[in-house]
Amino acid sequence: MKLNTLKPADGARRERTRVGRGIGSGLGKTCGRGHKGSYARAGKGKIKPGFEGGQMPMQRRLPKVGFRSLKAKDTVEVLLYKLDTLPAGEVTFAALREAGLVPSTAKRAKVVAKGNVTKAFVLKGIAATAGAKAAIEAAGGSLAE
Numbered sequence: 001m002k003l004n005t006l007k008p009a010d011g012a013r014r015e016r017t018r019v020g021r022g023i024g025s026g027l028g029k030t031c032g033r034g035h036k037g038s039y040a041r042a043g044k045g046k047i048k049p050g051f052e053g054g055q056m057p058m059q060r061r062l063p064k065v066g067f068r069s070l071k072a073k074d075t076v077e078v079l080l081y082k083l084d085t086l087p088a089g090e091v092t093f094a095a096l097r098e099a100g101l102v103p104s105t106a107k108r109a110k111v112v113a114k115g116n117v118t119k120a121f122v123l124k125g126i127a128a129t130a131g132a133k134a135a136i137e138a139a140g141g142s143l144a145e
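Just so we're aligned: the sequence shown equals residues 1 to 145 in UniProt numbering.
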């Protein structure tokens with residue numbers, strides 16, 4: 001094999017279509033673009049997302065719905081059965097972060113009742129749902145603000 005003899009395999013590269021070269025080529029005059037319309041114009045082929053031909057688009061016809069709290073992004077849920085993997089005693093936000101139950105981007109934590117807890121925990125500075133609070137108190141723990 002020599003560098004001057006290298007060439008792509010047969011059929012690997014297709015010759016480009018030459019348009020606008022007469023009626024006999026099959027792609028003369030309009031060059032395969034049809035007559036008039038946005039696709040026939042140069043640089044006008046792309047239509048923006050959501051455009052419906054001038055009719056009022058769906059995203060403008062429908063009402064704006066809902067609200068997303070910015071606080072919700074900062075709060076992370078800690079499941080009850082995952083909390084049970086920590087040693088019994090006082091649990092703070094820093095302790096949850098060290099244990100890997102809370103990501104570094106979170107600012108608050110809330111314990112959610114999923115699974116059960118067997119150790120007595122005292123939660124400091126951590127919120128809990130009503131079900132989680134009942135489960136923690138049933139195991140001998142408490143919530144301290």
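Every residue, glycine too, gets a C-beta built ideally from N, C-alpha and C.
(1) Judging by CA-CA distance, which residue of Thr-129, Ala-135 and Leu-123 is the nearest neighbour of Ala-144?
(2) Report the three-state DSSP secondary structure of Ser-142 (helix, strand or coil).
(3) Would the region 130 to 142 count as touching the region 96 to 108 if we require 3 or more Cβ pairs under 8 Å?
(4) Taking the alpha helix (DSSP H) that Arg-61 belongs to, which residues open and close that run?
(5) Would you kindly check if the distance between the Cβ of Lys-110 and the Cβ of Thr-75 is under 7 Å?
(6) Assuming Phe-121 contacts Leu-83 under a Cβ cut-off of 8 Å, what Cβ separation, rounded to an integer in Å, is found between them?
(7) Measuring alpha carbon to alpha carbon, tell me which of Lys-114, Gly-89 and Ala-9 ends up nearest Ala-132.
(8) In or out: Val-102 buried (at least 16 other Cβ within 10 Å) or exposed?
(9) Can you tell which of Gly-22, Pro-49 and Leu-70 has the C-alpha that lies nearest to the C-alpha of Arg-60?
(10) What is the residue span of the beta strand (DSSP E) that Leu-123 lies within?
(11) Gly-125 to Pro-63, Cα distance in whole Å?
(12) Starting from the C-beta of Ala-134, find all residues in its chain whose C-beta is less than 8 Å away, skip the five residues before and the five after it, and write them out in chain order.
So, from the data block:
(1) Sequence index remark: in the sequence shown, residue 144 carries index 144 (1-based). The candidate whose alpha carbon is nearest that of Ala-144 is Leu-123.
(2) Taking the sequence shown and counting its residues from 1, the one referred to as residue 142 is at position 142. Here Ser-142 sits in strand by DSSP.
(3) Touching, no, given that fewer than three Cβ pairs across the two stretches are closer than 8 Å.
(4) Against the sequence shown, residue 61 aligns to sequence position 61. Per DSSP, Arg-61 belongs to the alpha helix (DSSP H) from 58 to 61.
(5) Here residue 75 refers to the residue found at position 75 of the sequence shown. Here residue 110 refers to the residue found at position 110 of the sequence shown. By the CB criterion at 7 Å, Thr-75 and Lys-110 fall inside the cutoff.
(6) Numbered from 1 along the sequence shown, position 121 holds the residue referred to as residue 121. Numbered from 1 along the sequence shown, position 83 holds the residue referred to as residue 83. Cβ atoms of Phe-121 and Leu-83 come within 8 Å of each other, at about 7 Å.
(7) The count along the sequence shown starts at 1 and reaches residue 132 at position 132. Of the candidates Lys-114, Gly-89 and Ala-9, the one whose C-alpha sits nearest the C-alpha of Ala-132 is Lys-114.
(8) What you label residue 102 is simply residue 102 of the sequence shown in a count that begins at 1. Per the 10 Å Cβ criterion, buried.
(9) Counting from one through the sequence shown, the residue named residue 60 turns up at place 60. Of the listed residues, the one whose Cα sits closest to Arg-60 is Pro-49.
(10) Residue mapping note: residue 123 aligns to position 123 of the sequence shown, counting from 1. First-last of the beta strand (DSSP E) with Leu-123: 121 to 124.
(11) As a working note, residue 125 is residue 125 in the sequence shown. As a working note, residue 63 is residue 63 in the sequence shown. Put simply, the backbone Cα of Gly-125 is about 39 Å away from that of Pro-63.
(12) Translated into positions along the sequence shown, residue 134 becomes position 134. The answer, listed in chain order, is Ala-113.
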